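The structure appears right after this line, and notes come after that.
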Amino acid sequence: MPDNRRQYRRVRLRLRVSHMQGMEASAGTAELWTTDVSAGGMFLHISPGEQPLLGRPVSFELAVPPGEGYSSSGGSVCGTGKVVRVALAGTPGVAVEFTRPLALRF
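With our numbering, the residue at position 83 of the sequence shown is 85, and numbering never jumps.
Structural data, given as C-alpha cells:
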C-alpha cells in the first residue's frame, strides 16, 4: 500500500520564479524554476551556489505564461512560504510550504 502523506495533490508544473527573497545565491543571481506545485507548496530546482536555510521565510513571484481559457497575456502568482526541505544530492532543490494563500496577478 503506498504511503500517501501529502495533504494536497501535486501538479508537475514548470514555472519560472521571476522574483525570490530569502534565498540568496552565493555566486550571482541564478534562475529558479518550479518542478511541481500544489495548494500547500512547491518544489524548486536551485543552482549549486544557492544557500537555502531550513525554516527560512521566503517571498516569491511565479511567472504564469499566457494560456487558452485564462489569460491572453500571462501574469504572475505571488506568495510567501518557508523552506521545509533542502535536497543537495542529485539535482539540488528546496521544498517551500506556503504560509498564506497565493495571490493572482493578471
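Using N, Cα and C, we set each Cβ at its ideal position, and we do this for glycine too.
Every value quoted in this text rests on a predicted model; they were computed, and no experiment measured them.
Contact belief for residue i with residue j at Cβ below 8 Å, rounded distance in angstroms
i: S61; j: T93; result: That pair is no contact at about 24 Å.
i: V66; j: L17; result: 7 Å
Close-in-space but distant-in-sequence residues of the same chain around residue i (CB under 7 Å, 5 per side omitted)
i: S74; result: P68
i: G71; result: none
i: Q9; result: G42
Pairwise C-alpha distance: residue j and residue i
i: G30; j: I48; result: Confidence in G30 is poor, its pLDDT being 47 and thus under 50, which makes the residue's placement too unreliable to answer from.
i: R107; j: V88; result: 29 Å
i: G42; j: S20; result: 20 Å
i: Q53; j: A97; result: 13 Å
i: F100; j: G76; result: 22 Å
Chain-order list of residues whose beta-carbon lies under 8 Å from that of residue i (same chain, five-residue window excluded)
i: D38; result: R12, V13, R14, L15, M44, F45
i: P50; result: P94
i: L104; result: V79, C80, G81
Any chain C beta carbon closer than 7 Å to residue i
i: P50; result: Looking at the structure shown, chain C is missing, and only one protein chain is on hand.
Residue range of the beta strand (DSSP E) that includes residue i
i: L15; result: Per DSSP, L15 belongs to no beta strand (DSSP E) and is neither H nor E.
i: R107; result: 105-107
i: M25; result: M25 -> no beta strand (DSSP E), and no H or E assigned at all.
i: T101; result: No beta strand (DSSP E) contains T101, which DSSP labels as neither H nor E.
i: A65; result: 59-66
i: T37; result: 34-39
Contacting residues, own chain, Cβ-Cβ under 6 Å from residue i (five flanking each side not counted)
i: V86; result: A97, E99
With a cut-off of 8 Å, do at least 3 Cβ pairs link the region 7-27 to the region 43-62?
yes
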